[in-house]
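Everything in the sequence shown is counted per my numbering, starting at 3 for the first residue and increasing by one.
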Amino acid sequence: MNIVLDTNIFRNDLFLRSQDFKVLKDYLKRTDSKFVFPQIIFEELKGVYRRTINENLMNIEKHRSELNKNLNREYIIRPDLDVENEISDFIDFINKELDIDESNIISYRNDYLPEIIKRAINREKPFKDGDVGFRDAVIWLTILDHCKGNHEKQVIFISNNPKDFGDDKNSSELHKSLKKECDELGIKVNYFKSLKDFIERHSSKMDYINDDWLDKKLFEDNLSERICNEVENLKKHRITSWYKNKTSNESTEFFKVINSFIYELYDLFFYEMANGKIIIKCKVRAELEVEFEFYDYPHNHDNYIYGFDRYRNARTEIKYIECEVFLSIICQNEKIEEIEISDIVF
3 MNIVLDTNIF
13 RNDLFLRSQD
23 FKVLKDYLKR
33 TDSKFVFPQI
43 IFEELKGVYR
53 RTINENLMNI
63 EKHRSELNKN
73 LNREYIIRPD
83 LDVENEISDF
93 IDFINKELDI
103 DESNIISYRN
113 DYLPEIIKRA
123 INREKPFKDG
133 DVGFRDAVIW
143 LTILDHCKGN
153 HEKQVIFISN
163 NPKDFGDDKN
173 SSELHKSLKK
183 ECDELGIKVN
193 YFKSLKDFIE
203 RHSSKMDYIN
213 DDWLDKKLFE
223 DNLSERICNE
233 VENLKKHRIT
243 SWYKNKTSNE
253 STEFFKVINS
263 FIYELYDLFF
273 YEMANGKIII
283 KCKVRAELEV
293 EFEFYDYPHN
303 HDNYIYGFDR
313 YRNARTEIKY
323 IECEVFLSII
333 CQNEKIEEIE
343 ISDIVF
C-alpha cells in the first residue's frame with residue numbers, strides 16, 4: 003500500500019534521522035509499497051527547507067556581527083552558502099532516501115479549482131470554519147485521484163494535522179465526512195496523525211519484553227544519567243522557560259540537573275524489523291532534581307536608579323520537575339543496542 007507523508011511529518015526531522023523513519027522504510031520494504039507525494043507537498047517541502055536555511059543564516063549573521071563588534075575585528079566571517087544549491091542537494095537526498103522519481107509525484111489538476119471553491123463556500127472538510135484550508139483541499143483531492151487510479155483503491159496518509167483531517171471524537175481516525183466521501187467513491191484512506199501513531203498500530207508483541215525486563219535494562223544502561231545529559235545539552239531553553247513560568251525570580255540562565263528519578267514505565271509497543279532487530283517505543287515518567295541560579299536584588303529601590311545591577315547577587319535553589327520522556331530503543335538477541343531519547347516534555 004502506498005504512503006503519503008504530509009509536509010509537517012518532515013519539519014522536525016528533515017534528514018530522516020529518527021528511528022521512526024527507519025521503521026517506516028522497513029515497512030515499505032516488507033510490503034513492497036512506496037512513497038507517493040502530491041506535487042503541492044513536494045513543493046512545500048522545498049519551501050520549508052529554504053526558510054529553515056535562511057532563518058539559520060540570519061541567526062548566524064546576528065551572532066557573528068555581535069561577536070565581531072565586541073572583539074573589534076572580524077573573527078568570524080560570513081558563511082559562503084548557496085541556498086539554492088543546498089535546496090537542490092536536499093531534494094536529491096530526499097529522492098534517494100525515499101526512492102522518489104517522477105512516477106512518485108502526483109500532479110494536481112487545474113480543474114480542482116471549482117471543487118475547492120465549493121468546499122470553501124460550504125465549509126466542507128478539510129476546510130476549517132472559514133476559508134482556511136486551500137492547501138489541505140488540494141492534498142485531499144490529489145489523494146482521492148491517486149486512490150481511484152491505483153489497483154488497491156487505498157492509501158496510507160500520515161499527517162500531523164488532525165484538526166483538519168482527523169475525526170472530532172477520535173483524532174487518530176479519518177474525519178467522518180471525509181470517510182463518507184471515500185466510501186461513496188469505493189476507496190479507502192488510512193489516516194494516521196503521526197509516524198508514532200502509524201508504528202504503534204503496526205506493532206507486534208514479543209514475549210520476553212515486559213516492564214520488568216525493560217526496567218532492568220534501562221537501569222543497566224544508566225537511563226537516568228542520559229536524561230540529565232539530554233536536558234542539560236539539548237533542552238536548555240525548555241527548562242529555563244519552565245523556571246521563568248513557575249517562579250517570579252529572574253533567571254541567570256544557568257542551571258544544573260543534579261539527578262533524575264524514574265518512577266513509571268508505560269505505553270510499550272514493538273516493531274520487528276526485517277533484519278530481526280526489535281524497535282521498542284515507550285515512555286517513562288521521571289522527576290528531575292534541578293539547581294537553578296537566579297538574581298537576588300536588595301529591597302532598597304533607590305539602588306535601581308543608580309545602577310541596580312551592581313547590587314544584585316546570584317543565588318541558587320532546588321526545584322523538582324515532573325517530566326515525560328519518549329524513548330526509541332533498538333534491541334536484538336534480548337540485548338539493547340541503542341537508546342534514543344526522542345523528546346522530553348515538562
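Glycine included, each C-beta is placed from N, C-alpha and C at the ideal position.
Work out the CA separation of residue j and residue i for me, nearest whole Å.
i	j	result
residue 29	residue 57	34 angstroms
residue 330	residue 41	32 angstroms
residue 32	residue 316	58 angstroms
residue 254	residue 296	5 angstroms
residue 344	residue 328	6 angstroms
residue 174	residue 269	16 angstroms
residue 262	residue 243	19 angstroms
residue 95	residue 37	14 angstroms
residue 10	residue 298	43 angstroms
residue 307	residue 259	Low per-residue confidence applies at residue 307: pLDDT is 48, beneath 50, and the placement is therefore not dependable enough to give any value.
residue 39	residue 226	41 angstroms
residue 27	residue 290	35 angstroms
residue 171	residue 64	46 angstroms
residue 234	residue 240	10 angstroms
residue 3	residue 105	15 angstroms
residue 180	residue 135	14 angstroms
residue 342	residue 284	11 angstroms
residue 151	residue 66	53 angstroms
residue 251	residue 60	31 angstroms
residue 120	residue 216	53 angstroms
residue 97	residue 185	33 angstroms
residue 305	residue 314	Reliability fails at residue 305, whose pLDDT of 49 lies under 50, so the model's placement of it is uncertain and no value is given.
residue 101	residue 75	47 angstroms
residue 246	residue 103	49 angstroms
residue 2	residue 87	Look at the range of the chain in this structure, 3 to 348, and you will see that residue 2 is not part of it.
Relative to the C-alpha of residue i, which candidate in the options has its C-alpha closest?
i	options	result
residue 190	155, 217, 273	155
residue 238	226, 256, 290, 225	256
residue 139	151, 110, 335	110
residue 229	143, 319, 347	347
residue 201	282, 179, 135	282
residue 332	21, 17, 14, 12	21
residue 338	72, 224, 286	224
residue 13	101, 43, 127, 292	43
residue 335	274, 294, 286, 321	274
residue 294	285, 71, 277, 320	320
residue 62	82, 15, 45	82
residue 147	176, 114, 165	114
residue 164	196, 277, 182	196
residue 206	278, 192, 76	278
residue 153	35, 91, 251	35
Could you check whether residue j and residue i sit closer than 8 angstroms to each other, using their CB atoms as the reference points?
i	j	result
residue 141	residue 194	no
residue 145	residue 6	yes
residue 52	residue 89	yes
residue 280	residue 272	yes
residue 232	residue 287	no
residue 212	residue 8	no
residue 79	residue 69	no
residue 18	residue 54	no
residue 93	residue 24	no
residue 127	residue 204	no
residue 143	residue 183	no
residue 158	residue 192	yes
So is residue i buried or exposed if we call it buried at 16+ other beta carbons inside 10 Å?
i	result
residue 85	exposed
residue 249	exposed
residue 168	buried
residue 210	exposed
residue 198	buried
residue 133	Because residue 133 sits at a pLDDT of 48, beneath the cut-off of 50, its placement in the model cannot be relied upon, and the point is left open.
residue 309	For residue 309, the predicted structure reports a pLDDT of 49, less than 50, and the residue's modelled location is therefore unreliable. The matter cannot be settled from this model.
residue 108	buried
residue 340	exposed
residue 236	exposed
residue 166	buried
residue 71	exposed
residue 73	exposed
residue 322	exposed
residue 187	exposed
The ligand NAP and residue i: does the residue's C-beta get closer than 7 angstroms to at least one heavy atom of that ligand?
i	result
residue 75	Among the components of this structure there are no ligands whatsoever, and the ligand NAP is therefore not found.
Is it a yes or a no for the stretch 260-269 touching the stretch 220-230, going by three-plus beta-carbon pairs under 8 angstroms? yes
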